[in-house]
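Below is one structure; the comments refer to it alone.
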Amino acid sequence: MHGGLSPELNSMDQIKRILRPTDVPDTGLLCDLLWSDPEQDISGWGENDRGVSFTFGADIVQACLRKHDLDLICRAHQVVEDGYEFFAKRQLVTLFSAPNYCGEF
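Counting in my numbering, the sequence shown runs from 1050 upward without gaps.
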């Protein structure tokens, strides 16, 4: 994943069927895959401070892994100081590898 999960993701085939290149819509599956973020203190889906897509809790990660028979979700798209950060009992990892990002990190 680039960003995160979507409530519209029912099958991995949906990702394969996304026509590329494409413009990113303001809502929907592609938007969510690019813009959604994990959130520590929520269950389910929540509002995203980015003003687009959603945040999701550990319960959503666990349900997605079960539904799609996966062991781990690897994502990026968020600054994490040590280069990686786990979420949902190490079932999701955020990777960040841009040195000197905005003059920091």
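Glycine is no exception: its CB is placed at the ideal position from the N, C-alpha and C atoms. Predicted, not measured: the structure shown is a model, and the values here were computed from it.
Assign C1151 to one of two classes, buried (16 or more other C-beta atoms within 10 Å of its C-beta) or exposed (fewer than that). Taking every protein chain shown into account, the CB of C1151 has fewer than 16 other CB atoms within 10 angstroms, so this residue is exposed.
Nearest-angstrom Cβ-Cβ length linking D1108 and G1052, presumed shorter than 8 angstroms: With 8 angstroms as the limit, D1108 and G1052 do not qualify as a contact, their Cβ atoms being about 18 angstroms apart.
What is the DSSP secondary structure of C1123, reduced to helix, strand or coil? Strand.
Which residues mark the beginning and the end of the alpha helix (DSSP H) in which V1110 is found? Following the DSSP letters along the chain, one finds V1110 inside the alpha helix (DSSP H) bounded by residues A1107 to H1117.
Helix, strand or coil for D1086 per DSSP? Correct three-state label for D1086: strand.
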